[in-house]
Amino acid sequence: MSGVEYLSPGSVAEAVKALQVEGARVMAGGTDLLVQMRVGRAKPRVVVDLKRIPGIADIREQDGAFIIGAAASGAAIGEHEGLRKAWPGVVEAANLIGSTQVQGRASLGGNLCNASPAADSVPALIAAGAACVIAGPKGEREAPVEAIQTAPGKTSLAANEVLVAFRLPKRAVYSGDAYLRLIPRTEMDIAVVGAGVSVTLDASGKCVDARVSVGAVAPTALLVEAAGAALIGSSFEEVALAKLEAAVAAAAKPISDKRGTAEYRTKVAAVLARRAALIARDRAKA
Amino acid sequence: MSRKVVNATVNGEPVEFLAGGGQSLLDALRDELRLTGSKEGCGTGDCGACSVIVDGRLVCACLMLAPEAEGKRIETIEGLADNGHLHPLQHQFLEHAALQCGFCTPGLLMASKALLDRNPDPTETEVRYWLAGNICRCTGYDKVVRAVMDAAADLRQEKPR
Amino acid sequence: MARVVSISSRFRDLTGGLDGLDVDARSVRELVRMLEARFPGLGALVEGEMALAIDGEIHQDALMEPLGPHSEVVLIPRISGG
Amino acid sequence: MSDGNQPPANLKVVGTRPIRPDGVDKVTGRAQFGADFHLPGMLTGRIKRSPHAHARIVKIDVSAAEKLPGVKAIVTGAEFDVGAGGDIEAGEHAAAMKDVADNCLANGKVFYKGHAVAAVAATSPEIAAEAVDLIEVAYEVLPHVVDVDAAMAPGAPVLHEDMFTKGVMPKPAKASNVAQKHVMGRGDVAGAFAAADVVVEGRYTTAAVHQGYIEPHACVAAWGADGQSTIWCSSQGQFLVRAMTARILNLPLSDIKVIPAEIGGGFGGKTTVYLEPVALALSRKCGRPVKLVMSREEVFLASGPTSGSSMDIRLAATKDGKLTAAEMTLRYQAGAFAGSPVNLGCMTAFACYDVEHLALVGYDVVSNRPKVAAYRAPGAPMAAFAVECAIDDLARKLNIDPIDLRIRNAVKDGAKTVYGATVRHSAFVETLEAVKAHPHYKAKLGPGQARGVAAGFWFNIGGESSAAVHVDEDGGATVVSSNPDIGGSRASMAMMAAETLGLPIERVRCTVADTTSIGFSGSTGGSRVTFATGMAVVEAAQKVVADLKRRAAQTWECDVAHVDWKDGVATCLDPSKDVKPLSLKALAGKSARTGGPIAAEVSLNAQGAAAGYGVHVCDLEIDPETGRTTILRYTAAQDVGRAIHPAYVEGQLQGGAAQGVGWALNEEYVYNAKGLLDNASFLDYRMPVASDLPMIDTILVEAKPNPRHPYGAKGVGEVPIVPSLAAVANAVSAIVGRRMTSLPLSPAKVLAATRAS
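The listed protein sequences derive, respectively, from chains A, B, C and D.
Its first residue numbered 0, the first sequence is counted upward by one per residue in numbering that gives the first Met the number 0.
Its first residue numbered 0, the second sequence is counted upward by one per residue in numbering that gives the first Met the number 0.
Its first residue numbered 0, the third sequence is counted upward by one per residue in numbering that gives the first Met the number 0.
Its first residue numbered 0, the fourth sequence is counted upward by one per residue in numbering that gives the first Met the number 0.
Next comes the structure, spelled out in structure tokens:
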């Protein structure tokens, strides 16, 4: 890693400027970037560390909505009581990324922009309907989370754009979310499959809104609209859950690799989506 | 190669060292500051042998760039004992024979310290999940978990809440 | 007469397919000499690379051991371990 | 001590749990491991490795790398000059030195991804990395084979054109990947099967797994202008490193001094060399110290692992559960070069059981994988997996409790093993009975849970060891051990010396000496150190005691026969003498005037090691919709002779069981279609983490101390990995409802089997 230049801009504008340089890479927590540098998969000339930008790691509540700084660590997210209460699925997904040590550094911004199909927080954020706040030379723009990943390792962000924050919408009453993943061990693995579900119920417990997203079953995390539709109008009866499972299985286009076979991933994606839907429902009722 | 001067606090002492832009904190600790107690088992954040505490947060020193340490407070295994007095965790690791080869031990101790700093009375399950990022291949974790639980009890006695 | 048997296929290679044979040796040293004379290379193999179970006890380095008149000698690979 | 003698009773130190002498160093970060050394002027080494599974090296062009400023030396396999002499004992077998050398740096051909091709030494890690990139290697890529059965099939790509299967008559006309065929057995197997009431059979496979020590291989080598060199390294045997390095570079042993660093785990994987000859060759070329440290990826690609296997097994039994015959074929991967532990697999497979008719065939098979290294009871866990699963099938078929069935067939003292040893001082039956009586075995299982039981065996060995005991002038003592302390052996060495001398353990320290400071010793491996080196320590301490008694007798002017030594104090038994007892401290303080320093060194070749037997019980449950297994409860029992430091013995049982659980559930070498290892990281290799395991209960069975060791010790380190694979698999099979025959029992495999049954 000879000749890597480390920059720690003090503002978003400075960061955007630093990214004009060829071979510059944004770093938030660094838990993916440093691994890639170590094994030679990434060879940046300049590392632009966002963490010294004021507010970039903050979590704040704004009229019921939450703004999560792109570089907020998993540990900080897990410690934020308001966020935990409003978006338990997003928080549990963020907290599943890596070990305690990795939690001390890993961020939602990094997890999304690393663009791994198996990123834990992404299905949960998509299910939650989260939006990204993106800064570039021409100012800020917003985009839904599902619009960011385009392929493994690729995003729709321009080279000189910086993901600054996530915006989680204000929670309706009777709503809840959940994220589940399957790994062979209890910790430390990359998700073989992940599923995030967010639901809103009416006072009678009937589902009025639902978003279902699955990870590690396609080149990017998928928003499975048919799976959400299967729940809407139901009270989570077996028929609706079977429909949800079928929709997820139909949407899944996994590969077989060292972490799991395509067949296994498809089956388990459906199982996890159903389980997550039920947890989300229970949370919505609580 | 562009090396920058970094000023930080390591185990309570101010230090100044030169860091390359792509150099990890672990390499800086080991090669520049000669604090070789933090170990490299993988270099990719998967084993925890390089666990250190930075501004109160447990991190893998291999997953942090050395220049990021500017202005930070870093705790390493070399600072765990207080003026030659073993920390209750160190004491209990020895009492329980919670180490065999001892290579993962510095990381396990720092991770355990970070746990007990924020949770003085963890359950066995909490200890196991907190330490999941610290691989030990020798012990099967049994004695490690017992040592951490007993050290927690020692610390609770020392400092009644 | 000591009975020499082997579980090593190297023995079989050198003896032309035999699994065992009787040797009138009073010591392992004598045994090694006699094996070498009968099957060139076998004595060296036994001395250099094999452990011996003599009447049920394993000797990793048996060269100095005595043999009884009816000793059973089993040639086995040297055992080490992890 | 002869057979039948019981070890001394009323021990004061042996059997207690003192803090290890090196403990504080290891909890404060002060202990120096292989990568922790730093010398002035030291260079960083780095290795260029093959990207291919199998290829001929057409050309290595180092000219661009040489020109890079900061590059001080580049070496290739041409640098090696394997000296004459026989093979060197290492790990599970004699290491063919030519193969070890070719594995350290390829010679003409690369046999696996990660095979070392060249090495550089440079003034910084960055320059070394750049230089490695600048070395250009032209390859002619060859067809590859990684699966053991495929490697044996006709038409498989042949790795070594000069490999003609040994142990086959007549000698094969064609080269193949089968290095050796082992055949062993006894009795009339066909007849016994024909007469059997019940027969069970199966085909089993296990994946290649890595030892998984957390410390990557590391060394520093410094060549002296006079040809005398020093190597600091982490290994299981400083003498082994010296022998192999000397042979590969054709140097006299006395010109190489190997200083053992602390070792961060080995499990057999550090009983060979990968880096030391390369580092020394680099240092020789540029005259500066060179440090070589593997990355974790390199550890997975190019060191270890142990063999993957495929096995066929048949058991015959009477209807009341007496095993009458067994036949088994074992095919073990050797990796790129001959030398899998398949012979040990054959020898251990039925070592727990008294089976009259046996036929075992083992094949040692090369393929395009890293050369295997010893791993904890090399060869035994895979064989035991097949055997113990088959016995479980038999228990089910006959509706006999699995422990009762094993007790019915257990070897007892006097039984003859298939490899010629007679069973002695064994407590296998007692171990089985201890498990049966343990609350775990009696505990009720919850719905959806199952319990697996399995047994295992390891020979344990003795061998060459040296140790010294020095009495300090103030009455303390130092033990000088010849074996790297991989899991607390300084404690057991110091304890045995303290017991023998009659000193409190705090007054005895233990150090591990370099190759110039103590007599030769075999490696730390084979569960031999507490037994063999311990024997040397005790004999040295006994010599010291004899010397102390002689000095006391001299002082009192009495016959030495009238001097009694107890608890570190000499007492005069001669009633005509009115003298006060003399303590070790008093005698030590006057040593200059009674004949000079008090010290003894003993070198021996320890015989009489007693085998060990283990029995494990595992409770688990499976998520029926995902196939994920959760271990709920685990107990490991073992025949340990006598535990010198029970806490470290328990630790061996717990650590071995944990490794076995990993082997059973998740660990494996995964290859892609190009024959390249696809999971060379801790992340994707998936060793057990703390949250994967419950507490691991232990039962130390001390019913039969080994009378051939002064304190009754048996080796304990290897046995506990052997039963664990089948203990897990038997429980998983019980839940799934069909026999699971292929490790690892990954969620996908288990789910597929659950759905099929």
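Ideal Cβ positions, reconstructed from N, Cα and C, are used throughout, including at glycine.
DSSP on PRO76(C), reduced to helix/strand/coil?
On the third sequence, residue 76(C) is found 77 positions in, with the first residue counted as 1. Three-state DSSP puts PRO76(C) in a strand.
So what's HIS114(D) in DSSP terms, helix, strand or just coil?
Taking the fourth sequence and counting its residues from 1, the one referred to as residue 114(D) is at position 115. In this structure, DSSP gives HIS114(D) a state outside helix and strand, which the three-state scheme calls coil.
Between VAL161(A) and chain G, is there a C-beta pair that is closer than 9 Å?
You won't find chain G in this structure, because its protein chains are A, B, C and D.
For ALA54(D), which beta-bridge partners are listed by DSSP?
The residue labelled residue 54(D) in the question sits at position 55 within the fourth sequence. DSSP output for ALA54(D) lists VAL109(D) and VAL140(D) as bridge partner(s).
Can you tell me where the beta strand (DSSP E) holding GLU326(D) begins and where it ends?
Within the fourth sequence, the letter at position 327 stands for residue 326(D). Unbroken beta strand (DSSP E) run through GLU326(D): 322-334.
Buried versus exposed call for ASN342(D) [16 or more other C-beta atoms within 10 Å across all chains shown]
Here residue 342(D) corresponds to residue number 343 of the fourth sequence, with the count starting at 1. With 16 or more Cβ atoms within 10 Å of its Cβ, ASN342(D) is classed as buried.
Does any CB atom of chain D fall closer than 9 Å to the CB of GLY42(C)?
If you number the third sequence from 1, residue 42(C) lands on position 43. Chain D, which has no Cβ nearer than 9 Å to the Cβ of GLY42(C), makes this no.
Return yes when the Cβ of ALA206(D) is within less than 9 Å of the Cβ of HIS143(D), no when it is not.
Counting from one through the fourth sequence, the residue named residue 143(D) turns up at place 144. Counting from one through the fourth sequence, the residue named residue 206(D) turns up at place 207. Not in contact: HIS143(D) and ALA206(D) (Cβ atoms no closer than 9 Å).
Pop quiz: VAL15(A) and GLY135(A) are said to be a contact at Cβ under 8 Å. What is the actual Cβ separation, rounded to whole angstroms?
Within the first sequence, residue 15(A) is the residue found at index 16, counting from 1. Within the first sequence, residue 135(A) is the residue found at index 136, counting from 1. That belief holds up - the Cβ atoms of VAL15(A) and GLY135(A) are roughly 6 Å apart, short of 8 Å.
Residues that GLN99(B) contacts on chain D, provided the C-beta gap is smaller than 9 Å:
Looking up residue 99(B) in the second sequence gives position 100. The contact set of GLN99(B) on chain D, defined by CB atoms closer than 9 Å, consists of GLY264, ILE485, GLY486, GLY487, TYR647, GLY650, GLN651 and GLY654 in chain order.
Within this structure, are the beta carbons of LYS290(D) and ALA178(D) separated by less than 9 Å?
By 1-based counting over the fourth sequence, the position of residue 290(D) is 291. By 1-based counting over the fourth sequence, the position of residue 178(D) is 179. Contact flag unset, no.
Spatial neighbours of THR499(D) within its chain, please: C-beta separation below 7 Å, excluding the five flanking residues on both sides.
Translated into the one-based positions of the fourth sequence, residue 499(D) becomes position 500. If we look at THR499(D) and ignore the five residues flanking it on each side, its Cβ neighbours are VAL537, ALA540, GLN541 and VAL544.
Check whether ALA17(A) and VAL38(A) have beta carbons under 9 Å apart
Here the question's residue 17(A) lines up with position 18 in the first sequence. Here the question's residue 38(A) lines up with position 39 in the first sequence. Cβ distance not < 9 Å, so ALA17(A) and VAL38(A) don't count as in contact.
Which residues, in chain order, does the region 2-16 of chain C contribute to contact with chain D at a C-beta distance below 8 Å?
Taking 8 Å as the upper bound on Cβ-Cβ separation, chain D lies near residues VAL4, ILE6, SER7, SER8, ARG9, ARG11, ASP12, GLY15 and GLY16 of the region 2-16 of chain C.
Where GLU21(A) and ASN159(A) are concerned, what is the direct C-alpha to C-alpha distance, given to the nearest angstrom?
Within the first sequence, the letter at position 22 stands for residue 21(A). Within the first sequence, the letter at position 160 stands for residue 159(A). Computed Cα separation, rounded: 10 Å.
For the region 272-282 of chain D and the region 183-191 of chain D, state whether three or more C-beta atom pairs, one from each stretch, are separated by less than 8 Å.
Verdict: no, contact absent.
Distance CB(SER465(D))-CB(SER602(D)) smaller than 9 Å
Counting from 1 along the fourth sequence, the entry for residue 465(D) is found at position 466. Counting from 1 along the fourth sequence, the entry for residue 602(D) is found at position 603. Closer than 9 Å, so yes.
From the DSSP secondary-structure annotation, give me the bridge partner or partners of GLN148(A).
The sequence position of residue 148(A) within the first sequence is 149, counting from 1. Among the bridge pairs identified by DSSP, GLN148(A) is matched with THR154(A).
Which stretch, first to last residue, makes up the alpha helix (DSSP H) that contains GLU129(D)?
Within the fourth sequence, residue 129(D) is the residue found at index 130, counting from 1. Its alpha helix (DSSP H) spans residues 124-133.
Rounded to whole angstroms, what's the CA-CA distance from ILE55(A) to ALA301(D)? Just pull it up for me.
Locating residue 55(A) in the first sequence gives position 56, where the first residue counts as 1. Locating residue 301(D) in the fourth sequence gives position 302, where the first residue counts as 1. Cα-Cα distance, rounded: 42 Å.
Name the residues in the region 152-185 of chain D whose C-beta lies less than 8 Å from a C-beta of chain C; which are they?
If the cut-off is 8 Å between Cβ atoms, the region 152-185 of chain D has LYS165, GLY166, VAL167, MET168, LYS170, GLN179, LYS180, HIS181, VAL182 and MET183 near chain C.
Are there 16 or more other CB atoms within 10 angstroms of the CB of THR515(D), so buried, or fewer, so exposed?
Stepping through the fourth sequence from its first residue, residue 515(D) is reached at position 516. If you draw a 10 Å sphere on the C-beta of THR515(D), you find fewer than 16 other C-beta atoms in it, and that means exposed.
What separation, rounded to the nearest whole angstrom, lies between the Cα atoms of GLU15(B) and VAL132(A)?
Within the second sequence, the letter at position 16 stands for residue 15(B). Within the first sequence, the letter at position 133 stands for residue 132(A). If you take the alpha carbons of GLU15(B) and VAL132(A), they lie about 37 Å apart.
Under the assumption that ASP691(D) contacts ARG184(A) (Cβ atoms under 8 Å), give the Cβ distance between them as a whole number of angstroms.
Sequence index remark: in the fourth sequence, residue 691(D) carries index 692 (1-based). Sequence index remark: in the first sequence, residue 184(A) carries index 185 (1-based). Rounded, the Cβ-Cβ distance is 5 Å, consistent with contact.
Say whether chain B places a C-beta atom closer than 9 Å to the C-beta of GLU186(A).
Here residue 186(A) refers to the residue found at position 187 of the first sequence. Output row for GLU186(A): interface = yes.
With a CB to CB cut of under 7 Å and the five nearest residues on each side skipped, what residues in its chain are close to LEU230(A)?
Along the first sequence, read from residue 1 onward, the residue named residue 230(A) stands at position 231. Excluding positions up to five away in sequence, the list reads VAL198, CYS206, ALA209, ALA239, LEU243 and ALA276.
Does the count of Cβ pairs from the region 430-444 of chain D and the region 357-369 of chain D closer than 8 Å reach three?
Too few Cβ pairs lie closer than 8 Å, so no.
Cβ-based neighbour list, SER732(D), same chain, cut-off 6 Å, excluding 5 preceding and 5 following
For the purposes of this step, residue 732(D) is taken as residue 733 along the fourth sequence, with counting starting at 1. Excluding the 5 residues flanking it on each side, SER732(D) has same chain C-beta neighbours closer than 6 Å at ARG738 and MET739, in chain order.
Helix, strand or coil for GLN802(D), going by three-state DSSP, please let me know.
Here chain D has residues from 0 to 756 only, and residue 802(D) is not among them.
Name the residue from ALA610(D), ALA689(D) and ALA609(D) whose alpha carbon lies nearest to the alpha carbon of ILE630(D).
Translated into positions along the fourth sequence, residue 630(D) becomes position 631. Of the listed residues, the one whose Cα sits closest to ILE630(D) is ALA689(D).
Helix, strand or coil, according to DSSP, for GLN651(D) in the structure here?
Along the fourth sequence, read from residue 1 onward, the residue named residue 651(D) stands at position 652. Three-state result, GLN651(D): helix.
Any residues in the region 684-703 of chain D with a beta carbon nearer than 7 Å to a beta carbon of chain B? Which ones, in chain order?
Cβ contacts with chain B: MET686, VAL688, ALA689, SER690, LEU692, MET694 and ILE695.
Output needed in chain order: residues of the region 101-116 of chain A with a Cβ under 7 Å from some Cβ in chain B.
Listed by position, the residues of the region 101-116 of chain A near chain B (Cβ gap below 7 Å) are VAL101, GLY103 and ARG104.
Contact under 9 Å by Cβ, ALA94(D) with GLY80(C)
The count along the fourth sequence starts at 1 and reaches residue 94(D) at position 95. The count along the third sequence starts at 1 and reaches residue 80(C) at position 81. It is not a contact, given that the beta carbons lie outside the stated cut-off.
Quick check: is the beta carbon of ASP161(B) nearer than 9 Å to any beta carbon in chain A?
The shown model of chain B, from 0 to 160, leaves out residue 161(B), and the question about it has no answer.
Take SER1(B) as the anchor and find which of GLY132(B), GLY19(B) and VAL58(B) has the nearest alpha-carbon.
By one-based count along the second sequence, residue 1(B) stands at place 2. Cα-wise, what sits closest to SER1(B) is GLY19(B).
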